[in-house]
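One structure is given here, and the rest of the page talks about it.
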């Protein structure tokens, strides 16, 4: 058995490959985890140079309970997926579960944040919703350009079921247009809508219609470039404990109300 000070010489090509694999396979120490995410307030966003948000708070608290500290780098989604696929990060959030992604991601069993997509209208609006989007074909909708609202609403817009759609550049602008009457119906992730309505001081001017259009669970997912089963189990246990204690709901309320 080699002593702690023994070594053997490697050829330059083998040594270079070994160093590269080491860098990819172990971006963080056992108790220091590196994660990546897309900016998506209020779930995860940059707050004065520091990450913040619902998902960020849940992830860091759940992993802290297992003795891990977490650093999160916010980056474009495609780059984030490539980074975790190659093992350059321990985990990515928030992620929808797809068969293709399951090939390289080890998903949590606990839902990180439920992505509930609902319709929002002015508080005194006569518009109602019974689950059939075709009945709202004569209403003007407002959406954020390049944002997905889930397959049900995305497909309805694409198929022309909802022909009158105005596009905004961001959620902040979209909320302000709804409040000012530029359009009648705003589809949105529930927490995103509540966050920007709160920012605009307009929580009491808008109501959420029921039922929701779609409920899409989102998760944290760990890289499969190395064995992350223990990390996944630690996260699941941490979130389950937070939900049982009420700490999980407190985080949701902190950003939405």
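In our numbering, the protein residues as written are 45 to 301.
In this text, a Cβ means the ideal position worked out from N, Cα and C, and glycines have one as well.
Here the structure is a predicted model, which means the values were calculated and not measured.
Quick one: is residue 218 buried, meaning 16 or more other Cβ sit within 10 Å of its Cβ, or exposed?
-> By the 10 Å Cβ count, residue 218 comes out buried.
Does the distance from the C-beta atom of residue 180 to that of residue 206 stay below 8 angstroms?
-> In this structure, residue 206 lies closer than 8 angstroms to residue 180 by Cβ.
Which ranges does the beta strand (DSSP E) cover as unbroken runs of at least 3 residues, wholly within the segment 166–237, from first to last along the chain?
-> Runs found: 185–188, 209–212 and 230–233.
Using the beta-carbon count (16 or more within 10 Å), is residue 213 buried or exposed?
-> Burial call: exposed.
Buried or exposed: which applies to residue 101, given that a residue is buried once 16 or more other Cβ atoms fall within 10 Å of its Cβ?
-> It counts as buried.
Residue 239: which of 79, 86, 80 and 77 sits nearest, CA to CA?
-> Taking residue 239 as reference, the option from 79, 86, 80 and 77 with the minimal CA-CA separation is 86.
Please list, in chain order, all residues of the same chain as residue 255 whose beta carbon is under 6 angstroms from its beta carbon, the five residues on each side excluded.
-> Cβ neighbours of residue 255 beyond the five flanking positions: 175.
Give every residue of the same chain whose Cβ lies closer than 6 angstroms to the Cβ of residue 70, excluding the five residues on either side of it in the sequence, and list them in chain order.
-> Since pLDDT at residue 70 reaches only 44, below the 50 mark, its modelled position is unreliable, and the value read off the structure follows with that caveat. Result list for residue 70: empty, nothing under 6 angstroms.
Leaving aside the five residues before and after residue 49 along the sequence, list all residues of the same chain whose C-beta is less than 6 angstroms from its C-beta, in chain order.
-> With a pLDDT of only 32 at residue 49, under the threshold of 50, the placement of this residue in the model should not be trusted; the figure read from the coordinates follows. Excluding positions up to five away in sequence, the list is empty.
Beta-ladder partner(s) of residue 160, from DSSP | In DSSP, residue 160 forms a bridge with 259.
Are residue 107 and residue 77 touching if we call contact CB-CB under 8 angstroms?
-> Yes, the Cβ-Cβ distance between residue 107 and residue 77 is below 8 angstroms.
From residue 216 to residue 230, what distance separates their C-alpha atoms?
-> Distance between the alpha carbons of residue 216 and residue 230: 12 angstroms.
Exposed or buried, which one is residue 95 when buried takes at least 16 other CB atoms within 10 Å?
-> The Cβ neighbour count for residue 95, taken over all protein chains shown within 10 Å, is at least 16; the residue is labelled buried.
Starting from residue 155, follow its DSSP beta bridges and name the residues at the other end.
-> In DSSP, residue 155 forms no bridge with anything.
Beta-bridge pairing of residue 102 - partner residues as DSSP gives them = Answer by DSSP bridge pairing: none, since residue 102 is not bridged.
Per-residue DSSP class, three states only, for residue 280 | Helix, per DSSP.
Count the other C-beta atoms from every protein chain shown that fall within 10 angstroms of the C-beta of residue 237, then say buried if there are 16 or more, exposed otherwise.
-> So residue 237 counts as buried.
Distance, Cα to Cα, residue 289 vs residue 282?
-> Roughly 11 angstroms separates the two Cα atoms.
Secondary structure of residue 140, DSSP reduced to three states = Looking at residue 140 - three-state DSSP - the assignment turns out to be coil, as it is neither helix nor strand.
Assign residue 159 to buried or exposed, taking buried as 16 or more other Cβ atoms, counted over all protein chains shown, within 10 Å of its Cβ.
-> Taking every protein chain shown into account, the CB of residue 159 has 16 or more other CB atoms within 10 angstroms, so this residue is buried.
Short check: CB of residue 163 to CB of residue 200, under 8 angstroms?
-> No, these two residues do not count as a Cβ contact at 8 angstroms.
Taking all protein chains shown into account, do 16 or more other C-beta atoms lie within 10 angstroms of the C-beta of residue 294, making it buried, or fewer, making it exposed?
-> Looking at its Cβ environment, which holds fewer than 16 other Cβ atoms inside 10 Å, residue 294 is exposed.
Which residues mark the beginning and the end of the alpha helix (DSSP H) in which residue 77 is found?
-> Careful: residue 77 lies outside any alpha helix (DSSP H), inside the beta strand (DSSP E) at 76–81.
Delimiting residues of the alpha helix (DSSP H) encompassing residue 246 | Per DSSP, residue 246 lies in no alpha helix (DSSP H) segment and is marked neither H nor E.
Would residue 144 be called buried (16 or more neighbouring beta carbons within 10 Å of its own) or exposed?
-> Counting Cβ neighbours within 10 Å, residue 144 comes out exposed, since fewer than 16 surround it.
Helix, strand or coil for residue 109 per DSSP?
-> In the structure shown, residue 109 sits in coil (DSSP, three-state: anything other than H, G, I, E or B).
Taking the CB atoms as reference points, tell me whether residue 157 and residue 80 lie closer together than 8 angstroms.
-> Going by beta carbons, residue 157 and residue 80 fall outside the 8 angstroms limit.
Specify the secondary structure class of residue 96 as computed by DSSP and reduced to three states.
-> Residue 96: strand per DSSP, three-state reduction.
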